[in-house]
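Asks: Here it is, the structure in full.
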Amino acid sequence: MTKDPHELYWLKPGRYYLQGSEACVEGALMAGCRVFAGYPITPASEALEHAARRFPQVGGRFIQMEDEIGSASVLIGASWGGTKAMTVTSSPGFSLMQEAISIGIMSETPMVIVDIQRPGPGQGYITASQEDVMQARWGHHGEGAIIALAPASVQEMFDLTIEAFNLSERWRTPVLVMAEEPVAHLRELLYVGERKKINIFNRKKPQDLGIKPDAYLPWGHEVVAPMANWGDGYNVNFVGLVHKEDGNVTDWSPQVNYDCTRRLLSKIEENAREIAQIETKFIKGSRNVVISYGAVSRTAIEAVMEAREQNGLDLSYVRLKTLWPFPEESLREVINDVDNIFIPEMNFGMMKHPIVEALRDRCKNFVSIPSIGILHSPEHILSKIVEETK
Amino acid sequence: MSHGKRFEIRIAGFGGQGMVTIGRILGEAFSIYEGKNSANSQSYGPESRGGACKSEVVVADGEIYYPNVRRPDVLIALSQRALDTYLPDLRDSGILLIDPASVKDIPQPEKYRVHEIAAMAIAHEIGGVKYQNCVALGALYSLLAEVLKESSLRKAIADNVPPETVDINLKAFERGMSSVRRYGAEDWLRQ
Chain A
0 MTKDPHELYW
10 LKPGRYYLQG
20 SEACVEGALM
30 AGCRVFAGYP
40 ITPASEALEH
50 AARRFPQVGG
60 RFIQMEDEIG
70 SASVLIGASW
80 GGTKAMTVTS
90 SPGFSLMQEA
100 ISIGIMSETP
110 MVIVDIQRPG
120 PGQGYITASQ
130 EDVMQARWGH
140 HGEGAIIALA
150 PASVQEMFDL
160 TIEAFNLSER
170 WRTPVLVMAE
180 EPVAHLRELL
190 YVGERKKINI
200 FNRKKPQDLG
210 IKPDAYLPWG
220 HEVVAPMANW
230 GDGYNVNFVG
240 LVHKEDGNVT
250 DWSPQVNYDC
260 TRRLLSKIEE
270 NAREIAQIET
280 KFIKGSRNVV
290 ISYGAVSRTA
300 IEAVMEAREQ
310 NGLDLSYVRL
320 KTLWPFPEES
330 LREVINDVDN
340 IFIPEMNFGM
350 MKHPIVEALR
360 DRCKNFVSIP
370 SIGILHSPEH
380 ILSKIVEETK
Chain B
0 MSHGKRFEIR
10 IAGFGGQGMV
20 TIGRILGEAF
30 SIYEGKNSAN
40 SQSYGPESRG
50 GACKSEVVVA
60 DGEIYYPNVR
70 RPDVLIALSQ
80 RALDTYLPDL
90 RDSGILLIDP
100 ASVKDIPQPE
110 KYRVHEIAAM
120 AIAHEIGGVK
130 YQNCVALGAL
140 YSLLAEVLKE
150 SSLRKAIADN
160 VPPETVDINL
170 KAFERGMSSV
180 RRYGAEDWLR
190 Q
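Top line first, the protein sequences correspond to chains A and B.
The first sequence begins at 0 in numbering that gives the first Met the number 0 and counts up one residue at a time.
The second sequence begins at 0 in numbering that gives the first Met the number 0 and counts up one residue at a time.
Shown next, in the form of structure tokens:
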């Protein structure tokens with residue numbers, strides 16, 4: 000076998016000083032993504048520009064589409080053709096992608112969408128925001144779960160983008176990376192390890208399971224069905240309608256509808272323990288917890304450290320690395336009985352809802368600390384905490 | 000690993016003066032060539048086009064959590080508006096580096112360690128106004144010599160400017176290094 004000439008352009012192991020947006024694109028390439036479709040929008044354009052440079056170098060395809068609807072639709076086609084595909088956008092573009100996300104969920108299409116959120120509604124502004132975290136879960140029409148990750152550093156823009164592809168291939172579903180400008184535009188060190196040591200998951204194909212073409216059920220065999228590609232000789236059947244195991248959409252019945260929708264929901268939600276990750280610090284025995292995610296967790300941990308070192312406050316830190324499926328079980332494992340839970344977010348308290356739902360029997364006081372359009376300063380978070388714990 | 004020990008640099012001026020580039024050069028010099036952690040952020044969008052475009056570098060031996068500048072130790076101000084906007088954040092006795100051609104008025108200069116660099120004039124002499132950022136960077140280096148090595152900055156400059164301009168940018172850097180001038184009474188570097 001001849002060596003792939005594009006290997007010359009693969010990212011080599013080493014230390015790099017990159018923007019979060021660039022690290023995200025490099026992570027996608029490392030995961031094996033070879034199709035990028037997008038439409039420029041601040042503050043996500045740097046990712047698009049980097050992808051435009053890098054995808055052709057490694058034998059991938061970069062396409063600037065006419066809009067975000069087209070961009071997200073490209074991912075569906077590319078994925079059905081057997082290629083890992085991604086797009087990067089910001090909030091107004093993310094709205095336009097909801098239709099494709101819904102089709103992606105129903106047709107169980109692996110694809111990765113990165114939303115570098117900006118404040119809204121409407122065009123809003125171009126700064127920092129976490130105002131799409133509910134849209135990530137509920138923006139698409141219909142039932143069906145989603146996976147959404149929240150990176151907090153340049154390193155995680157790389158690592159969690161790889162993870163997003165792995166999850167998307169593993170569970171055959173669209174995966175969202177919910178990033179924010181303070182990390183997407185930040186330059187920091189990125190460590191890249193040896194390629195062969197990086198865990199990459201590729202979708203299961205019917206061939207891999209020894210299933211012959213005439214025995215193949217496009218929506219059967221396992222909870223996550225093996226995925227045939229066009230050209231493989233299998234009966235490829237991608238549908239947006241409620242369907243049976245064999246892809247039949249004409250025998251509709253309430254039971255068929257129930258089974259199909261139920262499976263789409265439960266394959267994610269019932270595996271939340273495996274999919275959803277949290278990170279904690281100082282949590283054991285602590286009576287006051289700060290729960291945050293994404294860029295805000297950078298400020299939150301700074302505030303927690305300062306409060307402990309300088310003010311002697313009992314304060315601990317939990318970060319949601321995964322927003323959806325919501326890591327309810329993991330949270331309940333580490334938080335038993337506390338006095339206050341502080342939730343700083345760059346919105347007016349969106350993730351406070353699932354947090355309260357998960358922990359309402361374990362905490363009396365849930366305090367939202369909103370910052371709109373700009374990353375909280377440590378002082379902002381600290382002053383609110385000091386006020387509440389006085 | 001000690002938490003909270005940070006060194007913070009803010010560079011501000013007109014959009015197009017190369018503030019973002021020298022922020023990136025500094026960040027890379029610290030992170031790639033000095034083995035420290037650094038976080039570099041910058042203005043973007045309409046903010047990056049006015050008179051108060053900024054670039055920030057936070058440096059630490061340990062982990063950097065909050066990635067933005069809080070109370071900078073150093074402010075480079077290459078426009079009056081940048082100075083007016085960002086001087087209030089500069090910590091007391093912080094280093095202030097200005098170009099006297101564009102910054103005329105410094106409120107309470109005695110609070111800071113003020114230095115001048117004729118960045119624009121020197122850049123004109125050596126080949127064009129676009130090199131003023133590296134002149135300013137050279138001046139900054141001569142004030143910070145104890146915190147990073149010259150070779151680190153030289154390598155980071157070469158990594159971040161167009162290949163055909165490496166030599167002239169390095170020349171700008173050298174001129175800046177030898178031309179920084181103390182302004183005010185305190186010669187703190189000699190103390």
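Every residue, glycine too, gets a C-beta built ideally from N, C-alpha and C.
Using 8 Å as the Cβ pair cut-off and three pairs as the minimum, do the segment 104–118 of chain A and the segment 159–175 of chain A touch?
Replies: Verdict: yes, contact present.
Asks: Starting from the Cα of residue 122 (chain A), find the closest Cα among A:95, A:154, A:337, A:355 and give me that residue.
Replies: On the first sequence, residue 122 (chain A) is found 123 positions in, with the first residue counted as 1. Checked all of A:95, A:154, A:337, A:355; the closest Cα to residue 122 (chain A) is A:95.
Asks: Which chain A residues sit within Cβ distance under 8 Å of residue 40 (chain B)?
Replies: As a first step, residue 40 (chain B) is located in the second sequence; it is residue number 41 there, counting from the start. By Cβ distance, chain A contributes 181, 184, 185, 186.
Asks: Are any of the Cβ atoms in chain B nearer than 8 Å to that of residue 249 (chain A)?
Replies: As a working note, residue 249 (chain A) is residue 250 in the first sequence. Judged by the 8 Å Cβ criterion, residue 249 (chain A) is not in contact with chain B.
Asks: Helix, strand or coil: how does DSSP classify residue 26 (chain B) here?
Replies: The residue labelled residue 26 (chain B) in the question sits at position 27 within the second sequence. It is helical.
Asks: Using C-beta distances below 7 Å, list every residue in its chain close to residue 373 (chain A), excluding the 5 sequence neighbours before and after it, in chain order.
Replies: Translated into the one-based positions of the first sequence, residue 373 (chain A) becomes position 374. Excluding sequence neighbours, residue 373 (chain A) sits near 126, 127.
Asks: Would residue 9 (chain A) be called buried (16 or more neighbouring beta carbons within 10 Å of its own) or exposed?
Replies: Within the first sequence, the letter at position 10 stands for residue 9 (chain A). When all chains shown are included, residue 9 (chain A) counts as exposed.
Asks: Are there three or more Cβ pairs, one per stretch, closer than 8 Å when the segment 143–153 of chain A is compared with the segment 16–23 of chain A?
Replies: As far as the Cβ criterion goes, the segment 143–153 of chain A touches the segment 16–23 of chain A, which means the pair count is three or higher.
Asks: Of the residues A:60, A:204, A:348, A:303, which one's Cα is nearest the Cα of residue 289 (chain A)?
Replies: Along the first sequence, read from residue 1 onward, the residue named residue 289 (chain A) stands at position 290. Nearest of A:60, A:204, A:348, A:303 to residue 289 (chain A), Cα basis: A:303.
Asks: Name the residue from A:232, A:312, A:319 whose alpha carbon lies nearest to the alpha carbon of residue 382 (chain A).
Replies: Counting from 1 along the first sequence, the entry for residue 382 (chain A) is found at position 383. Nearest C-alpha to residue 382 (chain A): A:312.
Asks: Does the beta-carbon distance from residue 321 (chain A) to residue 142 (chain A) come in below 8 Å?
Replies: Locating residue 321 (chain A) in the first sequence gives position 322, where the first residue counts as 1. Locating residue 142 (chain A) in the first sequence gives position 143, where the first residue counts as 1. No; because the gap between Cβ atoms is not below 8 Å, this pair is not in contact.
Asks: Using the C-alpha atoms, what's the distance from residue 170 (chain B) back to residue 115 (chain A)?
Replies: The count along the first sequence starts at 1 and reaches residue 115 (chain A) at position 116. The count along the second sequence starts at 1 and reaches residue 170 (chain B) at position 171. Cα to Cα, residue 115 (chain A) sits roughly 39 Å from residue 170 (chain B).
Asks: Against residue 31 (chain B), what residues of chain A qualify as contacts under a CB-to-CB distance less than 9 Å, listed in chain order?
Replies: The residue given as residue 31 (chain B) occupies position 32 in the second sequence. 14, 15, 16, 188, listed in chain order.
Asks: Can you have a look at residue 16 (chain B) and say buried or exposed, based on whether 16 or more other CB atoms are within 10 angstroms of its CB?
Replies: Along the second sequence, one-based indexing puts residue 16 (chain B) at 17. So residue 16 (chain B) counts as buried.
Asks: In the DSSP assignment, find the beta strand (DSSP E) that holds residue 472 (chain A) and state where it starts and stops.
Replies: Any answer about residue 472 (chain A) is impossible in this case: the structure gives chain A only from 0 up to 389.
Asks: What residues from chain B crowd round residue 42 (chain A), counting only those whose CB sits closer than 8 Å?
Replies: Numbered from 1 along the first sequence, position 43 holds the residue referred to as residue 42 (chain A). Those are 43, 44, listed as they occur along chain B.
Asks: Once DSSP output is grouped into helix, strand and coil, what is the label at residue 376 (chain A)?
Replies: Counting from one through the first sequence, the residue named residue 376 (chain A) turns up at place 377. Three-state result, residue 376 (chain A): coil.
Asks: Under three-state DSSP, which class holds residue 160 (chain A)?
Replies: Numbered from 1 along the first sequence, position 161 holds the residue referred to as residue 160 (chain A). The answer is helix: DSSP assigns residue 160 (chain A) an H, G or I state.
Asks: Is there a C-beta anywhere in chain A that falls below 8 Å from the one on residue 23 (chain B)?
Replies: Against the second sequence, residue 23 (chain B) aligns to sequence position 24. Closer than 8 Å: yes.
Asks: Please check if any C-beta of chain B sits within less than 8 Å of the C-beta of residue 301 (chain A).
Replies: Mapped onto the first sequence, residue 301 (chain A) falls at position 302. Yes - at least one Cβ of chain B is within 8 Å of the one on residue 301 (chain A).
Asks: Under a Cβ-count criterion, where at least 16 other Cβ atoms within 10 Å of its own Cβ denotes burial, should residue 144 (chain B) be classed as buried or exposed?
Replies: In the second sequence, counting from the first residue as 1, residue 144 (chain B) sits at position 145. Result: exposed.
Asks: Could you tell me the distance, in whole angstroms, from the CA atom of residue 30 (chain B) to the CA atom of residue 156 (chain A)?
Replies: By 1-based counting over the second sequence, the position of residue 30 (chain B) is 31. By 1-based counting over the first sequence, the position of residue 156 (chain A) is 157. Rounded to the nearest angstrom, the two C-alpha atoms are 18 Å apart.
Asks: Under the rule that 16 or more other beta-carbon atoms within 10 Å means buried, what is residue 335 (chain A), buried or exposed?
Replies: In the first sequence, residue 335 (chain A) corresponds to position 336, counting from 1. With fewer than 16 Cβ atoms within 10 Å of its Cβ, residue 335 (chain A) is classed as exposed.
Asks: State the beta-bridge partners of residue 16 (chain B) as determined by DSSP.
Replies: Residue mapping note: residue 16 (chain B) aligns to position 17 of the second sequence, counting from 1. Note: residue 16 (chain B) sits in no beta bridge, so no partner.
Asks: Give me, in chain order, the residues of the same chain whose beta-carbon lies closer than 7 Å to that of residue 128 (chain B); leave out the 5 immediate sequence neighbours on both sides.
Replies: Counting from one through the second sequence, the residue named residue 128 (chain B) turns up at place 129. So the qualifying residues of the chain are 119, 122.
Asks: Which runs of the alpha helix (DSSP H) fall wholly inside the segment 272–333 of chain A and span at least 4 residues, in chain order?
Replies: Entirely contained in the segment 272–333 of chain A, the alpha helix (DSSP H) runs reaching 4 residues are, in chain order, 295–309, 327–333.
Asks: DSSP puts residue 190 (chain A) in a beta bridge; with which residues?
Replies: By one-based count along the first sequence, residue 190 (chain A) stands at place 191. Residue 190 (chain A) is bridged to A:14.
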